[in-house]
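Asks:
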Amino acid sequence: MPELPEVESVRRRIAPVMEDARFTDVIVRRRNLRAPFPKRFRERLIGRTVLEVTRRAKYLVVLLSSDETLLMHLGMSGSFRVDQEGDGTLSVAHDHVVFQMSSGAVVTFNDPRRFGFMDLVGAGGLSAHPVLSALGPEPLSAEFDGFALARACKGKRTSLKLALLDQRVVAGLGNIYASEALHIAGLSPLRRASTIATRSGLPHPSAHRLAAAITAVLTEAIERQSPTRQYRSARFRVYDRESERCRRGRCEGSIRRRTQGGRSTFFCPRCQR
DNA sequence: ATTGAGACCTGTCGGC
DNA sequence: TGCCGACAGGTCTCAA
Numbered sequence: 036m037p038e039l040p041e042v043e044s045v046r047r048r049i050a051p052v053m054e055d056a057r058f059t060d061v062i063v064r065r066r067n068l069r070a071p072f073p074k075r076f077r078e079r080l081i082g083r084t085v086l087e088v089t090r091r092a093k094y095l096v097v098l099l100s101s102d103e104t105l106l107m108h109l110g111m112s113g114s115f116r117v118d119q120e121g122d123g124t125l126s127v128a129h130d131h132v133v134f135q136m137s138s139g140a141v142v143t144f145n146d147p148r149r150f151g152f153m154d155l156v157g158a159g160g161l162s163a164h165p166v167l168s169a170l171g172p173e174p175l176s177a178e179f180d181g182f183a184l185a186r187a188c189k190g191k192r193t194s195l196k197l198a199l200l201d202q203r204v205v206a207g208l209g210n211i212y213a214s215e216a217l218h219i220a221g222l223s224p225l226r227r228a229s230t231i232a233t234r235s236g237l238p239h240p241s242a243h244r245l246a247a248a249i250t251a252v253l254t255e256a257i258e259r260q261s262p263t264r265q266y267r268s269a270r271f272r273v274y275d276r277e278s279e280r281c282r283r284g285r286c287e288g289s290i291r292r293r294t295q296g297g298r299s300t301f302f303c304p305r306c307q308r
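All the letters of the first sequence, read from the start, carry residue numbers 36 to 308 under our numbering.
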């Protein structure tokens, strides 16, 4: 499910019911997801107030009144459900964690594949946490632009698509939006990543185009996810459209699928060079 | 240091 | 209908 836009939309959904509320109970139904839950997870949450729910890349970052921070990742199949206490909230398969909030909200984490992740971090240690410390720029922040992208791709011998999936290059892109951004920018996913930068790390015009495409595709996806929008599941430009006609202007190409790093890439060989 | 392959899990879908 | 393989929006670890 979740790349940056989906995580952002989850954040927007759970923030209003968690912020300013206390954890009145925390039920953990297994001892690990991708990694074990931290020691005394439940005890360290109960009674704490949620100050703010933020996001870094694909991680949800929940600031607590205890000076600790709850870090959560949805993996491939994680999701949150929000119910109201007393609404006959039944637990279903793969409900691994239940947060009961003093607001009466019940926030349930469900994750069939269990690639998700939760941890608690002390105040000072947040940016030093292993999962956060190496992350590249947030793509919707001011630090991200063609210069940053070119710098990160400088000297990289791997393909452009794989570089975009590298969270140290830009934080939050996943398999779908990497393909989408490359199509918008008209760049081949097979290109060597270093070709968008000069030897000294300065951007080629393609780096600016790609950075702009990334910003645009993510912004639009977040907008599309917002619950006030009707047209939820508008499909993608190239992702999962193998053999279909390219949708760019009057490009006559057809969408191809290739495997890169074990994952599917979709692109138009005609207009993406 | 960088890069690619494999591992972690369960569910779903298409083909036979 | 049932079985089987391929595949799924992520990230870590390991070996070359």
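Using N, Cα and C, we set each Cβ at its ideal position, and we do this for glycine too.
1) Evaluate the contact criterion for the region 276 to 286 versus the region 236 to 253: three or more CB pairs, one atom per stretch, below 8 Å.
2) From the DSSP output, in three-state form, read off Leu86 for me.
3) Report yes if the CB atom of His108 is closer than 7 Å to the CB atom of Phe152, and no otherwise.
4) Quickly, what does DSSP pair Pro174 with across the bridge? List them, please.
5) Would Glu38 pass as a contact of Gly209 if the rule is Cβ separation under 7 Å?
6) For Asp102 versus Ala158, is the C-beta spacing smaller than 7 Å?
7) So for Glu54, helix, strand or coil by DSSP?
8) Do the CB positions of Ser223 and Gln135 come within less than 7 Å of each other?
9) Is the beta carbon of Met111 closer than 7 Å to that of Phe150?
10) Between which two residues does the beta strand (DSSP E) holding Arg186 run?
11) Apart from the five residues just before and just after Pro73, which ones in its own chain have a Cβ nearer than 6 Å to its Cβ?
12) How would you label Gly123, buried or exposed, when you count the other beta carbons within 10 angstroms and need 16 or more for buried?
13) On the three-state DSSP scale, how would you describe His131?
14) With hydrogens ignored, establish whether the beta-carbon of Gly190 is closer than 6 Å to any heavy atom of the ligand NAP.
15) Would you give the residue range spanned by the alpha helix (DSSP H) that Ser79 belongs to?
Replies: With the structure as the only source:
1) no
2) strand
3) yes
4) In DSSP, Pro174 forms no bridge with anything.
5) yes
6) yes
7) strand
8) no
9) yes
10) Where Arg186 is concerned, there is no enclosing beta strand (DSSP E), although the alpha helix (DSSP H) it sits in stretches over 181 to 188.
11) Asp154, Leu155
12) exposed
13) strand
14) Absent from the structure shown: the ligand NAP. Ligands present: none.
15) Per the sequence shown, the amino acid found at residue 79 is Arg instead of Ser. That run of the alpha helix (DSSP H) goes 76 to 80.
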